[in-house]
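Under the working numbering, the final residue of the sequence shown carries the number 387; numbering is consecutive throughout.
All C-beta atoms, glycine included, are put in the ideal place defined by N, C-alpha and C.
In this text the structure is predicted, and so the values were computed from the model without any measurement.
See below for the structure under consideration.
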Amino acid sequence: MTDAETQSPFALPVGIAVRADGELSRRAHAEPPHPYRSAFARDGARVLHARAFRRLAGKTQVFARLAGDSPSDHFRSRLTHTLEVTQIARTLTRALGLNEELAEALALAHDIGHPPFGHAGEKALDECLRGFGLGFDHNLHALRIVSWFEERYAGFRGLNLTLGVREGIVKHSRDYSAESHPELAEYFLDQFPPLEAQLIDLADEIAYTTADLDDGLDSGILNLAQVREGVALFRGFHDAVLAEYPGAPERLGAYEALKRVLNALVTDLLEEVRRQTAARGAETLEEIRRAPHRVAALSPEMEAARAATKEFLHASLYNSPVMEEAHAHAVEVVRELFAALMDDPGLMPGDDQALIPTEGLARTVADYIAGMTDSYIEQAWRRCGGR
Ligand code: MG
Numbered sequence: 001m002t003d004a005e006t007q008s009p010f011a012l013p014v015g016i017a018v019r020a021d022g023e024l025s026r027r028a029h030a031e032p033p034h035p036y037r038s039a040f041a042r043d044g045a046r047v048l049h050a051r052a053f054r055r056l057a058g059k060t061q062v063f064a065r066l067a068g069d070s071p072s073d074h075f076r077s078r079l080t081h082t083l084e085v086t087q088i089a090r091t092l093t094r095a096l097g098l099n100e101e102l103a104e105a106l107a108l109a110h111d112i113g114h115p116p117f118g119h120a121g122e123k124a125l126d127e128c129l130r131g132f133g134l135g136f137d138h139n140l141h142a143l144r145i146v147s148w149f150e151e152r153y154a155g156f157r158g159l160n161l162t163l164g165v166r167e168g169i170v171k172h173s174r175d176y177s178a179e180s181h182p183e184l185a186e187y188f189l190d191q192f193p194p195l196e197a198q199l200i201d202l203a204d205e206i207a208y209t210t211a212d213l214d215d216g217l218d219s220g221i222l223n224l225a226q227v228r229e230g231v232a233l234f235r236g237f238h239d240a241v242l243a244e245y246p247g248a249p250e251r252l253g254a255y256e257a258l259k260r261v262l263n264a265l266v267t268d269l270l271e272e273v274r275r276q277t278a279a280r281g282a283e284t285l286e287e288i289r290r291a292p293h294r295v296a297a298l299s300p301e302m303e304a305a306r307a308a309t310k311e312f313l314h315a316s317l318y319n320s321p322v323m324e325e326a327h328a329h330a331v332e333v334v335r336e337l338f339a340a341l342m343d344d345p346g347l348m349p350g351d352d353q354a355l356i357p358t359e360g361l362a363r364t365v366a367d368y369i370a371g372m373t374d375s376y377i378e379q380a381w382r383r384c385g386g387r
């Protein structure tokens, strides 16, 4: 243990951390233990080396399409967003004395199931499937990717990830009922996931809230006066920065304030998790799993500030006219390509066509589309007659 770990003022009782050698390190296909790497460290590496992980570089989450004609090369892709979430998740779990390697694996995997074109693409794909009594859920799709679509091992399909990583992939951001999802029965659906998984959802929120303000300013869709006016959390830190560095260039002042916003969110989360855990006297993972609600949360005041910031982002950035245009294009491409592939499944690669008898045509088409990058889906759409 390093000095930083032993001295962390936020460290939780050791029994709350997921054990590297416990039940959650079990794999569907038994594998001998590695001589010097934990099961969760190996899972993080398996995700990092997966083809679906590399495709995250070609998927934008907010600035889909716009990135193509924009003067900036600096917008986050899903890959760089994922790395930012990983950094935050490691900071959180290290400070809390939780299983950092499990959190890293979960952070690396958390967006691996996202289709092209960000949330507009996901919504469009979901709507296409609704017509067939199905739906698209990126967490469940991520589970399919790691359990089936990735082929890297001679002995089995998928990455053979541990139970703990698969549970976290499914449950980090929402809970599923056993009635509606009997296929997920092995993932303790009557319990909350371990804190390592609960924290991924908040690390994700913290990462994109601050990054989207940054990219929004960079894109010119947002301006500084507007962010100051609309985001109280930012304004407070920005005022302090202006007092400290009155001559700083505008961009540097904004960066400095955003950095402080991120730090404040992370610190508040650490304090709140520590407070909640102490308040219920929790000392074991079991108590975290069976608590009346998720233990990982921001304080009520910070949660209100975060929610207000998100509302601002929705109104001023995500739903801004220029973004609406990109969303409309995403919907058109996904819908038309989905229809074209339903009409002629022979346009899909043979490996995908082979899944039709077991998965059904609509699910197979959706899986194929979900794996595409933004540029690949544009090409595929044009080949099918899209403009
Ligand atoms: Mg994310």
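- Note that the C-beta distance between Ala308 and Val241 is not below 9 Å.
- Straight-line spacing of the CA atoms in Pro357 and Thr364 works out to 9 Å.
- Assignment of Thr93 by DSSP, reduced to helix, strand and coil, places it in the helix class.
- Proximity to Glu359 across His141, Ile16, Phe53 and Ala203 peaks at His141, based on C-alpha coordinates.
- For the segment 316 to 370, not one full-length beta strand (DSSP E) segment reaches 3 residues or more.
- Put simply, of Ala30, Ala39 and Arg290 the residue whose alpha carbon is nearest the alpha carbon of Asp190 is Arg290.
- For the pair Asp268 and Asp204, the CB atoms are not nearer than the 9 Å cut-off.
- Nearest in C-alpha terms to Ala103, of all of Arg76, Leu298, Arg19 and Asp137, is Arg19.
- For Val170, the distance from the CB to the nearest heavy atom of the ligand MG is not below 8 Å.
- In this structure, Gln61 has its CB closer than 8 Å to one or more heavy atoms of the ligand MG.
- Closest option to Leu285, judged by alpha-carbon separation, among Ala41, Thr82, Gly97 and Leu83: Gly97.
- Across the set Tyr176, Glu378 and Arg51, the C-alpha of Glu378 shows the shortest separation from the C-alpha of Glu332.
- Not one heavy atom of the ligand MG lies closer than 8 Å to the C-beta of His141.
- The set of residues with a C-beta under 6 Å from any non-hydrogen atom of the ligand MG comprises His81, Val85, His110, Asp111 and Asp204, given in chain order.
- DSSP, read as helix, strand or coil, puts Thr162 in strand.
- Our two residues, Lys123 and Phe136, have alpha carbons roughly 8 Å apart in a direct line.
- For Ala89 against Gly44, the beta-carbon gap comes to about 11 Å, at or over 8 Å, which does not count as contact.
- Rounded to the nearest angstrom, the gap between the Cα atoms of His181 and Asn160 is 21 Å.
- According to DSSP, residue pairing for Ser77 in a beta bridge involves Thr60.
- CA-CA distance, Asp218 to Asp239, rounds to 20 Å.
- Its chain contains Phe156 and Asn160 as the residues whose beta carbon lies nearer than 6 Å to that of His29, once the 5 sequence neighbours on both sides are disregarded; these appear in chain order.
- Under the three-state reduction of DSSP output, Arg27 falls in the strand class.
- Residue environment: Pro249 is assigned as exposed (fewer than 16 neighbouring CB atoms within 10 Å of its CB, all protein chains considered).
- DSSP places Trp381 in the uninterrupted alpha helix (DSSP H) bounded by Asp374 to Arg383.
- By the Cβ neighbour-count rule, Asn223 is exposed, with fewer than 16 other Cβ atoms within 10 Å of its own.
- Residues of the same chain with a CB within less than 6 Å of the CB of Ala107, apart from the 5 flanking positions on each side, are Val85, Thr86, Ala89 and Ile200 in chain order.
- Under the three-pair Cβ rule at 8 Å, the segment 330 to 350 does not count as touching the segment 294 to 306.
- Taking the CA atoms as reference points, Arg274 sits about 34 Å from Ser316.
- The residue among Arg280, Leu163 and Glu196 with its C-alpha nearest the C-alpha of Ser173 is Glu196.
- Annotated as distal: Gly113 and Glu283, with beta-carbon spacing of 9 Å or more.
- Under the 10 Å beta carbon count, Ala57 is surrounded by fewer than 16 other beta carbons and is classified as exposed.
- Contiguous beta strand (DSSP E) elements confined to the segment 115 to 140 do not occur, taking only those with 3 or more residues.
- Straight through space, the alpha carbons of Ala95 and Tyr245 are spaced by roughly 30 Å.
- Taking the Cβ atoms as the reference, Tyr368 lies roughly 14 Å from Asp343, outside the contact range of under 8 Å.
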